[in-house]
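A.B. asks: Structure incoming, see below.
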Amino acid sequence: MVIFNRNFLFLDEISLNNTHNKVFENIQVSKEDIASIDDFFTLQSAWVLMTDRRVRYYGNEAFEDSSSVDEWALEVEGVVTLIWQGKTNTIRYIKGEKYTAELLQFWVLHTFFPLVLELAKLSHILHVSAVEINEKPILFSAFSGGGKSTLLNYFLKQGHRIYGDDTVAIEEIDGSYKVVASYPFHRPYRKAEVLGYPIDNFATEVKPLYRVYRLDKSSETSKIKIEELHGVEKFETLYQSQFVTFENLTKSRYNFATKMAQQVQVFTISVPWDMERLEEVYQALLIHNEI
C-alpha cells in the first residue's frame, strides 16, 4: 500500500497489504511482544484527544526536538501503542484490549505516520482535502463538517485526480511548496476510525501547490463568491488547517503558516448549503482555475 509516497508492509496483518511501487522506500509494520514501553522512554506527554480517543506521546527528548533517527511512541488508549524506529524505517506495535487489524491500519496511516513526517521535519501535514484542477493541486480547507469531503466526492465523480481526502503532506523544496498525496481512501461520511473507500485515481507525483480555498458555508439561496484572502485572515486559514495539535509544536506551526502565507494564494469560496448546488460550486472553481 502506497501512503505519502512510501510502501507500507504490514508483516503480521497480510490482509492489509496490496499494491506497491518499486520507486518508493518501504516502511515495515510489525508486532512487538512486550507488555509495556515504560522502561524504554523517559518522557511522556499528557493525554490529548484525537479521533474521539485519548492518545499520548512517549520519547527520550522533547516532542519538538525529535528527529528522524529517534525512537518515539504514540499510545492510543485501549487500542494500540505504535513505536517509530527511524533508523530502520520500522513501526512496531503493541496490541491493546480493543485492537483490530482495521484499527491498526487506521491509526498508522491516518495519524501516526503523519506525525512521523512532522516530527522528522520532512513534511508539514495539513488537515485539508486536495484535488487536481488542470493538473495543478488545489487544497480545500474547512472546519470539521464544513464540506471538504462532500466537495471532494463531487470532484472524484467528475474524474479528477485526488491527493487526499483528509490530509496531505507539504514539503518545502527549493523555496516552493510541493504537495505529496496522503492515503488512497475517501470517507464521504465521517465515521470515526474508518479510512473509507479505496480511490483508484490517486496521485503519486509530487507537484507544486497552486492554491488554497477556504470553504465558507452560506445560505441555500446565496450567491457563490470567490475572494482572495490577505493578512491575518490568510494566515489564520493556513494555521488552522494544520493537522498536528500537540502544544509543543505550536511555534513550528506558527512559523510554517507565516512563511507559507507569503508565497501561496489563499481564497475563500462561499458554498451554499444545498447539495443541488454543488455543480455550481464545481463550475465556479473550474472557471477560477482556467489556464
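Residue numbers (my numbering): 2 to 292. Positions of the beta carbon are idealized from the N, C-alpha and C atoms, including for glycine.
1. Check each candidate in 25, 14, 17 and 18 and name the one with the smallest Cα separation from residue 7.
2. Quick check: the Cα distance between residue 317 and residue 139, rounded to an integer number of angstroms?
3. State the start and end residues of the unbroken alpha helix (DSSP H) segment that holds residue 149.
4. With the cut-off set at 8 Å, would you say residue 38 and residue 74 are in Cβ contact?
5. Strictly by DSSP, which residues pair up with residue 94?
6. From residue 224 to residue 286, what distance separates their C-alpha atoms?
7. From residue 244 to residue 262, what distance separates their C-alpha atoms?
8. Give me the Cα-Cα distance between residue 189 and residue 170, rounded to the nearest whole angstrom.
9. At which residues does the beta strand (DSSP E) containing residue 189 begin and terminate?
10. Under 8 Å, do residue 177 and residue 166 count as touching if we go by C-beta distance?
11. Whole angstroms is fine: what's the gap from residue 217's alpha carbon to residue 131's?
12. Considering only their Cβ atoms, is the gap separating residue 152 from residue 163 smaller than 8 Å?
13. Taking the alpha helix (DSSP H) that residue 277 falls in, what are its first and last residues?
14. Are residue 89 and residue 52 close, meaning C-beta to C-beta below 8 Å?
15. Whose C-beta lies closer than 7 Å to the C-beta of residue 117 among residues of the same chain, with five residues either side of it excluded?
16. Taking the alpha-carbon positions, what's the residue 160 to residue 202 distance?
17. The beta strand (DSSP E) spanning residue 256 covers which residue range?
18. Looking only at its own chain, which residues have a Cβ that is under 6 Å from the Cβ of residue 275, when we skip the five neighbours before and after it?
19. Do you know whose CA, among 102, 124 and 238, lies nearest residue 259's CA?
20. Taking just the CA atoms, how far does residue 291 sit from residue 49?
21. Can you tell me whether DSSP reads residue 211 as helix, strand or coil?
22. Using only alpha-carbon positions, find the residue among 81, 87 and 92 that is nearest to residue 99.
23. Sort 120, 213 and 204 by Cα distance to residue 236 and report the nearest one.
24. Alpha carbons only, please: which of 232, 180 and 22 is nearest the one belonging to residue 268?
C.D. replies: On the basis of the data shown:
1. 25
2. Nothing in the structure corresponds to residue 317, since the chain is present only between 2 and 292.
3. 149 to 158
4. yes
5. 32 and 83
6. 14 Å
7. 17 Å
8. So the two alpha carbons sit approximately 21 Å from each other.
9. From DSSP, residue 189 is part of no beta strand (DSSP E); its letter is neither H nor E.
10. no
11. 16 Å
12. no
13. Unbroken run through residue 277: none, as it is neither H nor E.
14. No, the pair does not count as a contact, with Cβ atoms beyond the cut-off.
15. 85
16. 8 Å
17. First-last for residue 256: 251 to 262, but that is the alpha helix (DSSP H), not the beta strand (DSSP E).
18. 221
19. 238
20. 43 Å
21. coil
22. Of the candidates 81, 87 and 92, 81 places its Cα closest to the Cα of residue 99.
23. 213
24. 232
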